[in-house]
Amino acid sequence: MTQFARNQWYVAAYTTEVGDDLLGRTILGEPVVLYRSREDGRAIALADRCVHRRFPLSESRREGDSIMCGYHGFTYDRAGACVSVPGQTRVPRTARVASYPVVEQDSLVWIWVGDPAAADASRVPRAPHLVDPAMTTVRGMEPIDADYGLLVDNLLDLSHETYLHGGYIGTPEVAATPITTEVDEEAGVVRVSRHMADAECPPFYARSTGIEGRISRLQDIEYFAPCLYLLHSRITPVGRSAPVFRTEITYAITPSAPGKVYDFWAVSRDFAVGDEEVTAFLRDFNHTVVMQDVDALNLLQRALDTEPGPYQELSINIDTGALAARRILAALAAAGTGRADA
Amino acid sequence: MTQFARNQWYVAAYTTEVGDDLLGRTILGEPVVLYRSREDGRAIALADRCVHRRFPLSESRREGDSIMCGYHGFTYDRAGACVSVPGQTRVPRTARVASYPVVEQDSLVWIWVGDPAAADASRVPRAPHLVDPAMTTVRGMEPIDADYGLLVDNLLDLSHETYLHGGYIGTPEVAATPITTEVDEEAGVVRVSRHMADAECPPFYARSTGIEGRISRLQDIEYFAPCLYLLHSRITPVGRSAPVFRTEITYAITPSAPGKVYDFWAVSRDFAVGDEEVTAFLRDFNHTVVMQDVDALNLLQRALDTEPGPYQELSINIDTGALAARRILAALAAAGTGRADA
Amino acid sequence: MTQFARNQWYVAAYTTEVGDDLLGRTILGEPVVLYRSREDGRAIALADRCVHRRFPLSESRREGDSIMCGYHGFTYDRAGACVSVPGQTRVPRTARVASYPVVEQDSLVWIWVGDPAAADASRVPRAPHLVDPAMTTVRGMEPIDADYGLLVDNLLDLSHETYLHGGYIGTPEVAATPITTEVDEEAGVVRVSRHMADAECPPFYARSTGIEGRISRLQDIEYFAPCLYLLHSRITPVGRSAPVFRTEITYAITPSAPGKVYDFWAVSRDFAVGDEEVTAFLRDFNHTVVMQDVDALNLLQRALDTEPGPYQELSINIDTGALAARRILAALAAAGTGRADA
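Chains as they are written, first to last, in UniProt numbering: chain A, 1 to 342; chain B, 1 to 342; chain C, 1 to 342.
See below:
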């Protein structure tokens, strides 16, 4: 199992998911309840277990910006301090649930469940295209019953598009074209590029851009370990320099618990902006593509869980990026900090 | 996990559940088959596993007062002695399943799965209101996927009525009113009282008694560890001494297996006796209340099962009764006998 | 749990199940993919896990007689050698999945997942009646969530027909009639015979043969450990020497994984050959009988899985054959070879 790197920022939710209702999520094994302040509109994240008898606060109800436990009424303010208990006026001084640092940025709610002293909001990685008014974004989130490392493997090696997503986003050229990989171990960033000069245009792009012939297709991955993955996609009719269709594909990979991962996905485009038909097509089509990954990773995890004995993997050139990502994740987990060199 | 106290009487069933059909129950991890003798009408409880290959006798069929195993026909008389095996006339002398002491009392079938020599029928606790002709009783049983200690906690601290059962049996006064607790460690009895002089009348009582205004409400709990819980409830229109509406709420808490408990519940009233409409209302309404507990405890157990690490509880005044109950249960489990001082 | 004897032939499928589609089965804990060559029509069995990242090849697709992994396109020829990987021309020399020896005989696909050097096709046991043109066969396969030893127990002691299959194939005489048992420990064969001179004719035979009165009924079991079980059945109207209705009941008992077994079953008859009505009756009726065993063994395994402590079995004369089978299986597992004396 891929170890968790605790002292890191992770995406807990989309900003639009965090509102008046209490939202329960599990981040790196920690149950968390998320909601939005009625006073100042800020997102709040508290430990999702009452100190009294461990009842989930996400199954409770709000009293203004406080949460009143649904079992015995222990009430916590937005900072996690217990402000009221039943049957007595004195509130025990130790009655408090953890409050987690939260940063809302680029339509994402980032959370830090590690050592709060180490939380540095300035290190939250950016995905500004998600809120760029010149782009239109579709998105979703799928929980997967798989080690989060399997999702990292999946995304760092796009040769699987040819086989798992053939007829959707994959074409023979993706697997056939060699990659170049750059690794910044210190910054914890992996970059994998695949540039196809003359490739079949897959339905994903043919139907959204209207291109009918072959394309030049650039795939430039940036993985900011452990959570944020950006795929910068540029396509152009083959042999031409314009128009360039720009698509930014975002994934946030958040380990939920051992063997469970949240797969946040988004597709942002700078063409057909605001075109509802294209938006609906890309939302449905990419959801189908994501579910192909979800099904494959659920299946793969079940296969690994029933391995009769130890086994070896066999890695080749296409795995260079994923193997670098694994090394960085291992270093982050071992360090317990936000930096591989800490 | 709360340890089992084996040398104790537990409710295995209602007397009406034990009849001609074979009834399988698991008591403290022991599979038991229950049925009623056609000869003398007495309840019979045998170990629910054939000595031959462990097939459940409860999935078999009766031959008079004997059970013939549904797999290979080993036949056991009502005392558990094997009286017939297939293919040969000689029955091995060791062929016998355990027969458990049973006491039928107050409409309950009590069983003893501990050391038979220690079973003392005179120590079965009483709940005579269940068969009092001057009262009407509704009842049921719900299995819960939770440690039985969670149900003991739940019932010994009624402040949860305000939060979990608000709009049903809880009102603000329940949680707000301090309790008095009496513990008889030697007898294994915990008494928790909460007397509300001027309280809102919850729908449970408003609709069954017809009271329209506020009430005096007395809750007097007697818990005879480990199994029998009685809540003596008395309500009166506020400021008056009559009429007094008497309700006896009975629970039998029977550990089934680790993480599983049977929740037997009954509500007996001395008003609107025989009134079918009130009976139907109380049966449905209390079933809803019990299911609120069942859902909460199932949820709580799942939360505890996925705790990422060790945790602490935080107890306050309302927990005095439940903590006393835990101490008594621990002593009973450690002693392995029916008495904390044994 | 009954240990697996690895160096043995097991039935993986019926020959008709192995065709153009990829068929995934798990044999002794080893995931296997089965398919049929388009070149020479032979059955092929490979390890069902890609060497790259363990993706199941049975969830992939064929390229002629090769399989191309559905995740990243690693391609394996029919011998298991990897012949193509994505993004590069060089195929690592170690890229290979296991290819299992296979023998097709008597309509069964036999597989050897043990030491390939020890695989001796001449030792595959025979069941020629399955392909005898003078007989008609109905058959099926049911997976059971039970230790395969429970199915061996079940089949070696037919006294259970009287109780579990009463009204189908069992009558009182089966359980009442003593057995004779012959054990050839060296060859790994157990023979159990039960000859009933004057027995009730169960519906299974009454409806398929048209016999209206009582019968002479011979049951002669041959169990070729670990996998092949034959029940030679002969019935005749009582007191007559003809006609003799011959039925061959075949079981192949293939351990799939710990606590899981494949139950291949077939019924071959030499009467009403080609009679569709009799064929449909026997197929449905025997399926019902098999499902009675499946339900009982699933139930029994769940009972064993929740035993609160250690337990003893009690064996009698009827168990002689099953106990001999257990001894042989233990010896085969310990030896790891195809012979108890190895």
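Virtual Cβ for every residue (Gly too), placed ideally from N, Cα, C.
Query	Result
Just the Cα atoms here: how many angstroms apart are Thr-162 (chain B) and Leu-22 (chain A)?	20 Å
At a Cβ threshold of 8 Å, is Pro-86 (chain B) touching chain C?	yes
Buried or exposed: where does Ala-175 (chain B) fall if 16 or more other Cβ atoms within 10 Å of its Cβ makes it buried?	buried
Could you name the residues of the same chain whose beta carbon sits closer than 7 Å to that of Asp-341 (chain A), not counting the 5 residues immediately before and after it, in chain order?	With a pLDDT of only 38 at Asp-341 (chain A), under the threshold of 50, the placement of this residue in the model should not be trusted; the figure read from the coordinates follows. So the qualifying residues of the chain are Glu-186.
Identify the continuous beta strand (DSSP E) that holds Tyr-35 (chain B) and give its terminal residues.	30 to 36
Name, please, each residue of chain C whose Cβ falls closer than 8 Å to the Cβ of His-232 (chain B).	The premise fails here: His-232 (chain B) is roughly 36 Å from chain C at the closest Cβ pair, so nothing lies under 8 Å.
Any beta carbon from chain C within less than 8 Å of His-160 (chain A)'s own beta carbon?	yes
Which residues in chain B have a C-beta closer than 7 Å to the C-beta of residue 364 (chain A)? List them in chain order.	Because chain A is modelled from 1 through 342, residue 364 (chain A) falls outside the range shown and cannot be assessed.
Could you give the DSSP three-state label for Ala-257 (chain A): helix, strand or coil?	strand
In the DSSP assignment, find the unbroken beta strand (DSSP E) run with Tyr-229 (chain B) in it and report its ends.	228 to 237
Would you mind reading off the limits of the beta strand (DSSP E) that contains Ser-58 (chain C)?	No beta strand (DSSP E) holds Ser-58 (chain C); DSSP gives it neither H nor E.
Return the CA-CA distance between Arg-214 (chain A) and Glu-142 (chain A), expressed in angstroms with no decimal places.	32 Å
Express the C-alpha separation of Ile-111 (chain A) and Glu-30 (chain A) in angstroms, rounding to a whole number.	11 Å
Hey, would you say Ala-127 (chain B) sits closer than 8 Å to Asp-106 (chain B), going by beta carbons?	yes
By how many angstroms is the C-alpha of Gln-312 (chain B) removed from the C-alpha of Phe-55 (chain A)?	13 Å
Is Phe-55 (chain C) close to chain A? Criterion is C-beta to C-beta, closer than 8 Å.	yes
With H, G and I counted as helix, E and B as strand and the rest as coil, what does DSSP make of Ala-95 (chain B)?	coil
Measuring CA to CA, which of B:Arg-49, B:Asp-295, B:Ser-256 is closest to Pro-310 (chain C)?	B:Arg-49
So, at 7 Å on beta carbons, what are the nonlocal neighbours of Leu-297 (chain C) in its own chain, with the 5 sequence-adjacent residues on each side left out?	Ile-144, Ala-146, Leu-150, Leu-151, Asn-154
What does Thr-306 (chain C) reach in chain B if we use C-beta pairs closer than 9 Å?	Thr-26, Gly-29, Pro-31, Ala-257
On the DSSP letters alone, give me the boundaries of the beta strand (DSSP E) that Ala-324 (chain B) sits inside.	First-last for Ala-324 (chain B): 320 to 335, but that is the alpha helix (DSSP H), not the beta strand (DSSP E).
Tell me whether Gln-301 (chain B) sits in a helix, a strand or coil according to DSSP, three-state version.	helix
If the cut is a Cβ gap below 7 Å, which residues of chain B does Arg-49 (chain A) touch?	Ala-303
Just to confirm before moving on: does the CB-CB distance between Ala-12 (chain A) and Ala-47 (chain A) stay below 8 Å?	no
Given a threshold of 16 other Cβ atoms within 10 Å of its Cβ, counted over all protein chains shown, does Glu-248 (chain B) qualify as buried or as exposed?	buried
Put His-72 (chain A) into one of helix, strand or coil per three-state DSSP.	coil
Consider the Cβ of Tyr-76 (chain C): report whether some Cβ of chain A lies at a distance smaller than 8 Å.	no
Do you know offhand how far Ser-122 (chain C)'s Cα is from Gly-239 (chain C)'s?	42 Å
Give the interface partners of Gly-70 (chain A) over in chain B, defined as CB-CB distance under 8 Å, in chain order.	Tyr-163, Leu-164, Ala-296
Measuring only between beta-carbons, confirm whether Ile-249 (chain C) sits less than 8 Å from chain B.	no
Using only CA atoms, which one of A:Asp-132, A:Val-109, A:His-287 lies nearest to Val-124 (chain A)?	A:Val-109
Could you check whether the Cβ of Asp-153 (chain A) sits closer than 8 Å to any Cβ belonging to chain C?	yes
Does the beta-carbon of Ala-325 (chain C) have 16 or more other beta-carbons within 10 angstroms, so that it is buried, or is it exposed?	buried
Does Pro-128 (chain B) get closer than 8 Å to chain A when you measure Cβ to Cβ?	no
Starting from Leu-329 (chain C), find everything on chain B with Cβ-Cβ shorter than 7 Å and list it in chain order.	Here the premise fails: no neighbours, minimum Cβ distance about 16 Å.
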